[in-house]
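Under mature numbering (1 follows the signal peptide of the UniProt record, and there is no 0), residues -17 to -1, 1 to 243 are what the sequence shown spells out, in order. Some notes on the structure that comes next.
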Amino acid sequence: MLARFIVSAVCLTLVAGVPKMPRHTRTLPLLPRIVGGEEASPGEFPHQISMQLDGIFGRSHSCGGSIFNENYIVTAAHCVHGQSAHKIVIVAGEYSLGTDSGDEQVIPASHLRAHEHYSSQTMVNDIALISLTEPLVMNSMVAPIELPAQMELVAEGTTCTTTGWGTTTEGGSIPDILRKVDLPVVSDDSCRVSYGASEIEDSMLCAGFPEGGKDACQGDSGGPFVCGNKLHGLTSWGYGCARPDFPGIYTEVAYFRDWV
């Protein structure tokens, strides 16, 4: 299983005989995109943020996330696991990673709160909150997204949209512009046929086409999976990117609404 996370040297942990690796980038040459999607329009997804890490070469995109309110960002736990808040900067209003449009709001993180039962081995409870050192200013380019109610689940076959700056192919090209892709929700039963019954928890949401070709990928981790204008999923992990019969796996936010 390939969780949507890359470090400078790729490390695999074998779980049930299948490699798991978070979909996330840490090095400048591995900046990300969506597989099989298209460029978003400026301001089309004002809830989307870029979580960036301070390093010796400056800031680099690491994960996606969504604005919960002016003080908090929702993302994946594996994006903040092992990180220090003082090294994380949130960029809201971001569209082009390589161009400053003037719409960006750059605010350092204040505190990281990963789910207390998150497991980097099984990717269960892959959700986290990032508090900011100062509040975001809401406008047409920076806005919160509504979360579903506790256990407000999305139906199989529903078409939803995921966005991010993740690689356009598995292990692939350097991006710049925010991208989007529409994907159908896959039932847990079908997902368990692909991955194995023990790998897919009820609190995970699966989405993708049987033939593959469209998916989130490395660098999209923690980013939004939106159904009906609500944040139903957070990009979490998968076996490769856009492979046939292996849908992408998202944290199902409706299972964690009370935690948030």
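Here a beta-carbon is modelled for each residue, glycine too, at the ideal position from N, C-alpha and C. No experiment lies behind these values; they were computed from the predicted model shown.
How many Å lie between residue i and residue j at the Cα?
i	j	result
residue 138	residue 233	14 Å
residue 238	residue 86	33 Å
residue 230	residue 174	7 Å
residue 66	residue 46	12 Å
residue 141	residue 170	10 Å
residue 135	residue 35	31 Å
residue 63	residue 91	14 Å
residue 52	residue 129	9 Å
residue 39	residue 69	14 Å
residue 73	residue 27	18 Å
residue 83	residue 160	12 Å
residue 106	residue 95	18 Å
residue 14	residue 43	Confidence is the limiting factor: at residue 14 the pLDDT is only 28, short of 50, which leaves the residue's position unreliable, though a coordinate-based value still follows. Approximately 8 Å, taken between the alpha carbons.
residue 61	residue 193	27 Å
residue 172	residue 219	18 Å
residue 143	residue 24	17 Å
residue 2	residue 181	Residue placement at residue 2 is flagged as unreliable, the pLDDT there being 48, under the threshold of 50; a coordinate-derived value is accordingly withheld.
residue 41	residue 235	33 Å
residue 16	residue 102	Confidence at residue 16 is low in this model, with a pLDDT of 35, below 50, so the placement of that residue should be treated as unreliable; the coordinate-derived value is given next. Looking at the two C-alpha atoms, the distance is approximately 25 Å.
residue 226	residue 189	13 Å
residue 22	residue 37	26 Å
residue 120	residue 184	37 Å
residue 10	residue 97	Note that residue 10 scores a pLDDT of 27, beneath 50, so its modelled location is shaky; the value from the coordinates is reported in the next line. In a straight line, the C-alpha of residue 10 is about 22 Å away from that of residue 97.
residue 179	residue 99	25 Å
residue 116	residue 242	22 Å
If we cut at 7 Å on Cβ distances, does residue i have a partner in chain D?
i	result
residue 32	The displayed structure is made up of one protein chain only, and chain D is not part of it.
Considering just the uninterrupted stretch of the alpha helix (DSSP H) at residue i, what are its terminal residues?
i	result
residue 94	Here residue 94 belongs to no alpha helix (DSSP H); instead the beta strand (DSSP E) covers 88 to 97.
residue 175	171 to 178
Which residue or residues does DSSP assign as beta-bridge partners of residue i?
i	result
residue 135	DSSP, once it has assigned bridges, lists no residue as partnering residue 135.
residue 207	217
residue 245	There is simply no residue 245 to check, as the chain begins at -17 and stops at 243 in what is shown.
residue 55	52, 114
residue 188	233
residue 42	37
residue 47	33
residue 103	According to DSSP, which records beta bridges pairwise, residue 103 is partnered with nothing at all.
residue 79	160
Measuring CB to CB, does residue i end up less than 7 Å from residue j?
i	j	result
residue 166	residue 149	no
residue 216	residue 208	yes
residue 213	residue 118	no
residue 71	residue 127	no
residue 48	residue 162	no
residue 123	residue 93	no
residue 240	residue 133	yes
residue 228	residue 177	yes
residue 168	residue 145	no
residue 147	residue 206	yes
Can you tell me where the beta strand (DSSP E) holding residue i begins and where it ends?
i	result
residue 60	That residue, residue 60, is in no beta strand (DSSP E); its alpha helix (DSSP H) goes 60 to 63.
residue 23	Counting along the chain, residue 23 falls outside any beta strand (DSSP E), and DSSP gives it neither H nor E.
residue 126	No beta strand (DSSP E) contains residue 126, which DSSP labels as neither H nor E.
residue 235	231 to 235
residue 38	31 to 38
residue 73	71 to 75
Segment contact flag, the stretch 107 to 115 with the stretch 48 to 62, C-beta cutoff 8 Å, min 3 pairs: Under the three-pair Cβ rule at 8 Å, the stretch 107 to 115 counts as touching the stretch 48 to 62.
contact_flag[the stretch 68 to 88, the stretch 28 to 37] where n(CB pairs < 8 Å) is 3 or more: Yes, the stretch 68 to 88 is in contact with the stretch 28 to 37.
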